[in-house]
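Worksheet: one structure, shown below.
Residue numbers (this note's numbering): 606 to 896.
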């Protein structure tokens, strides 16, 4: 079904079944139309979208200096649209279900301190097969700043451990080459030595020998964060944010970070300059005698 048909069906639902006012329906149509244009521009499918990709869209809207109230309305429009698609059976999972309200400060991504990342990466029990795999997953996410959706699609041939680079495919199947450090290389090598023998060349597998899911990786991260006493709200995207913030703090060029993260626009990457300033302010308050 064409996206315009999905939108028209949604508008009919709002008009006939919900009985919303004409101005409200006009706002819904405008918000979803703008969102669909964004998806087309980035070669994304409305029926095969992730929560993080919806969040990226909302980030782009925020970085274009839109009011928080406008972003909130647009987010609610998108949530209503996906709830309709889910209820009507167009999609099997609602990707917008866990989207948080866009309070201004909440839009700055949660970032782990380096010490917290160290604890998290040391949490898996590498004496066990599952722990070896989980260690490799965590090290790879932090070493590369990859999106979790990119990690789940990684194939063994995409990982060049000798040269130290990973080939990953981002939005719209756009390919990019990402460097990977020695710790992650070691963790992946250890995992490949014990990885279940299977016909698939997908790198990270679940216990059944099939491609691991985004939800499973989310649960893995939450489990280890809890086990090592991290109380911050944490997700796979937290490691992506932490990666970018930490290398920026150590002097990496913003354009380099943009390339590694696969951001189409430098404005998306610039959010990390705000995170970095926030970090510097906290450090000043903590260590300056009159902070």
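Where a beta carbon is used, it is the ideal one built from N, C-alpha and C, also for glycine.
Are residue i and residue j touching if we call contact CB-CB under 8 Å?
{"i": "residue 760", "j": "residue 807", "result": "yes"}
{"i": "residue 835", "j": "residue 849", "result": "no"}
{"i": "residue 852", "j": "residue 796", "result": "no"}
{"i": "residue 715", "j": "residue 825", "result": "no"}
{"i": "residue 741", "j": "residue 833", "result": "no"}
{"i": "residue 651", "j": "residue 608", "result": "yes"}
{"i": "residue 669", "j": "residue 637", "result": "no"}
{"i": "residue 616", "j": "residue 634", "result": "yes"}
Along the chain, where does the beta strand (DSSP E) containing residue i start, and where does it finish?
{"i": "residue 784", "result": "780-784"}
{"i": "residue 771", "result": "770-774"}
When you compare each of the options to residue i by their alpha carbons, which one comes out closest?
{"i": "residue 748", "options": "618, 722, 762, 638", "result": "722"}
{"i": "residue 814", "options": "763, 801, 822", "result": "801"}
{"i": "residue 845", "options": "827, 622, 751", "result": "751"}
{"i": "residue 661", "options": "704, 630, 632", "result": "704"}
{"i": "residue 841", "options": "656, 685, 669", "result": "656"}
{"i": "residue 733", "options": "630, 647, 812", "result": "812"}
{"i": "residue 764", "options": "753, 789, 631, 779", "result": "789"}
{"i": "residue 654", "options": "720, 753, 630, 828", "result": "753"}
{"i": "residue 782", "options": "791, 770, 793", "result": "770"}
{"i": "residue 779", "options": "864, 858, 611", "result": "864"}
{"i": "residue 828", "options": "730, 719, 677", "result": "730"}
{"i": "residue 658", "options": "699, 632, 690, 671", "result": "699"}
{"i": "residue 648", "options": "775, 632, 791", "result": "775"}
{"i": "residue 773", "options": "867, 646, 643", "result": "867"}
Could you give the distance in angstroms between the alpha-carbon of residue i and the alpha-carbon of residue j?
{"i": "residue 758", "j": "residue 613", "result": "33 Å"}
{"i": "residue 626", "j": "residue 697", "result": "29 Å"}
{"i": "residue 820", "j": "residue 701", "result": "14 Å"}
{"i": "residue 746", "j": "residue 756", "result": "7 Å"}
{"i": "residue 855", "j": "residue 816", "result": "35 Å"}
{"i": "residue 847", "j": "residue 743", "result": "12 Å"}
{"i": "residue 725", "j": "residue 639", "result": "39 Å"}
{"i": "residue 843", "j": "residue 858", "result": "20 Å"}
{"i": "residue 717", "j": "residue 823", "result": "16 Å"}
{"i": "residue 818", "j": "residue 839", "result": "17 Å"}
{"i": "residue 675", "j": "residue 631", "result": "14 Å"}
{"i": "residue 830", "j": "residue 720", "result": "12 Å"}
{"i": "residue 768", "j": "residue 684", "result": "43 Å"}
{"i": "residue 793", "j": "residue 766", "result": "8 Å"}
Identify the continuous alpha helix (DSSP H) that holds residue i and give its terminal residues.
{"i": "residue 852", "result": "841-854"}
{"i": "residue 808", "result": "Taken as a continuous stretch (DSSP letters only), residue 808 belongs to no alpha helix (DSSP H), as it is neither H nor E."}
{"i": "residue 648", "result": "That residue, residue 648, is in no alpha helix (DSSP H); it is neither H nor E in DSSP."}
{"i": "residue 661", "result": "656-668"}
{"i": "residue 801", "result": "Looking at the DSSP string, residue 801 is not in any alpha helix (DSSP H), and its letter there is neither H nor E."}
What do you get for residue i, buried or exposed, if any count of 16 or more other CB atoms within 10 angstroms of its CB means buried?
{"i": "residue 692", "result": "exposed"}
{"i": "residue 735", "result": "exposed"}
{"i": "residue 680", "result": "buried"}
{"i": "residue 666", "result": "buried"}
{"i": "residue 622", "result": "exposed"}
{"i": "residue 624", "result": "exposed"}
{"i": "residue 629", "result": "exposed"}
{"i": "residue 694", "result": "exposed"}
{"i": "residue 809", "result": "buried"}
{"i": "residue 686", "result": "buried"}
{"i": "residue 689", "result": "buried"}
{"i": "residue 611", "result": "buried"}
{"i": "residue 672", "result": "exposed"}
Residue i: beta carbon under 7 Å from a heavy atom of the ligand ADP?
{"i": "residue 673", "result": "Absent from the structure shown: the ligand ADP. Ligands present: none."}
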